[in-house]
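Under our numbering, the first residue of the sequence shown is numbered 111, with each subsequent residue one higher. To start, the structure itself, in structure tokens.
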Amino acid sequence: ARNIVAFDPARALLVELNGDLDTARSVAVLVPGVNTTIEGSAANTATARRFVSATGGDVAVITYLGGPFPQVHNPAAVLFDAADPRYALDMAPRLVAFTEDVDRRVGDGVPVTVIGHSYGGSIVGTAETLGLTSDRTLFLGAAGAGVGVDDAGDWRNRNPDVLRYSMTAP
């Protein structure tokens with residue numbers, strides 16, 4: 111069964127918990143990328159469940175679809191819609207508020223990692239300019255580090271000890 115935390119199809123909002131926040135020793139918030147939709151969210155759920163299963167439940171993964179994502183079905187047009195900052199600018203403030211809630215919910219001693227995959231990296235990076243709360247931030251094959259981010263000094267994570275990682279395919 112799926113554990114839906116928030117759902118509003120009119121706003122393209124779907125937040126889903128995979129795993130158990132009460133027993134997890136670490137929590138991840140996964141922000142996916144281009145072509146993500148509520149209708150196709152089962153793929154994100156499957157990815158999250160693999161992480162939970164691989165750790166024996168030590169990790170809980172929250173998939174975060176906080177609004178519409180760029181939809182690019184014509185490969186020649188991918189750069190135009192994916193380069194549009196409006197998606198990141200719209201979703202980033204909601205992600206900031208959500209990470210504050212997650213941080214309060216899990217309490218001290220449970221690290222929270224926010225993962226931005228593809229266009230999700232732009233959303234996460236933009237959220238960091240607005241005060242995202244995380245212990246670790248991972249840009250995974252990210253489409254940038256956030257709207258208006260030129261260097262690490264542009265991020266304003268509420269955790270002064272945040273660790274940041276970037277992973278790309280070779």
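Note that the Cβ used here is the ideal one computed from N, Cα and C, for glycine as well.
Test item: CB-CB of residue i and residue j under 8 Å
| i | j | result |
| --- | --- | --- |
| residue 180 | residue 148 | no |
| residue 162 | residue 153 | no |
| residue 126 | residue 115 | yes |
| residue 277 | residue 248 | yes |
| residue 267 | residue 238 | yes |
| residue 130 | residue 167 | yes |
| residue 195 | residue 122 | no |
| residue 209 | residue 175 | no |
| residue 226 | residue 250 | yes |
| residue 128 | residue 159 | yes |
Coil, strand or helix - residue i by DSSP
| i | result |
| --- | --- |
| residue 247 | strand |
| residue 242 | coil |
| residue 126 | strand |
| residue 262 | helix |
| residue 131 | coil |
| residue 274 | strand |
| residue 90 | Residue numbering for the chain in the displayed model covers 111 to 280; residue 90 lies beyond these limits and cannot be assessed. |
| residue 138 | strand |
| residue 118 | strand |
Residue range of the unbroken alpha helix (DSSP H) whose run includes residue i
| i | result |
| --- | --- |
| residue 162 | 152 to 164 |
| residue 255 | Run containing residue 255: none; DSSP gives neither H nor E here. |
Any C-beta of chain B under 8 Å from that of residue i
| i | result |
| --- | --- |
| residue 116 | Of the chains in the structure shown, none is chain B; there is only one protein chain. |
Any non-hydrogen atom of the ligand GTP closer than 7 Å to residue i Cβ
| i | result |
| --- | --- |
| residue 162 | This structure lacks the ligand GTP, and indeed carries no ligand of any kind. |
Segment limits, beta strand (DSSP E) that includes residue i
| i | result |
| --- | --- |
| residue 220 | That residue, residue 220, is in no beta strand (DSSP E); it is neither H nor E in DSSP. |
| residue 169 | 169 to 176 |
Residues near residue i by beta carbon distance below 8 Å, same chain, minus five either side
| i | result |
| --- | --- |
| residue 245 | 221, 222, 223, 269, 271, 272 and 273 |
| residue 203 | 237 and 240 |
| residue 279 | 251 |
Nonlocal neighbours in the same chain, by C-beta distance under 6 Å from residue i, ignoring five residues either side
| i | result |
| --- | --- |
| residue 264 | 239 |
### Query
Can we say the segment 228 to 235 touches the segment 256 to 269, given the rule of at least three CB pairs closer than 8 Å?
yes
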